[in-house]
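Okay, so here's the structure we're looking at.
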Amino acid sequence: AIGLFASAITENQIVSFLVAVFLCFILFMGPDLLASFQAVGALEGPLKAIGIQEHYRSISRGVVDLRDLLYFGGVITIALLLTRTALQSRTW
């Protein structure tokens, strides 16, 4: 779904791929990197909950938690809604 969004906002396939990789990298590493700063303090838990790594760890152990399914479903839904908005905003 993130790749679809990247494809909807760019005209070039290579640029679309690079944008999708960048967005996935930010979603994968960004929240954990932000949570590692000491200045964040009490926001460490919520920041880690936003990132993919926290949810991926439990699924990789074989534990399918409803929170993880809702997280991934939410990410997919948001990306698809952004894609629809980007496509509707184009003038044909």
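For the sequence shown, my numbering gives the first residue as 178, with consecutive numbering after it. Yeah, the Cβ is synthetic: ideal placement off N, Cα and C, and Gly gets one too.
Check                                                                                                                                               : Outcome
Which residues mark the beginning and the end of the alpha helix (DSSP H) in which E221 is found?                                                   : E221 to I227
Quick one: residues in its chain with C-beta nearer than 6 Å to the C-beta of L200, no 5 flanking neighbours on either side, listed in chain order? : I179
What separation, rounded to the nearest whole angstrom, lies between the Cα atoms of L259 and V192?                                                 : 18 Å
For S213 and R238, I'd like the C-alpha separation in whole angstroms.                                                                              : 23 Å
Applying the 10 Å Cβ sphere with the 16-neighbour rule, what's the burial state of P208?                                                            : buried
Using a threshold of 7 Å, state whether the C-beta atoms of A256 and A185 are closer than that.                                                     : no
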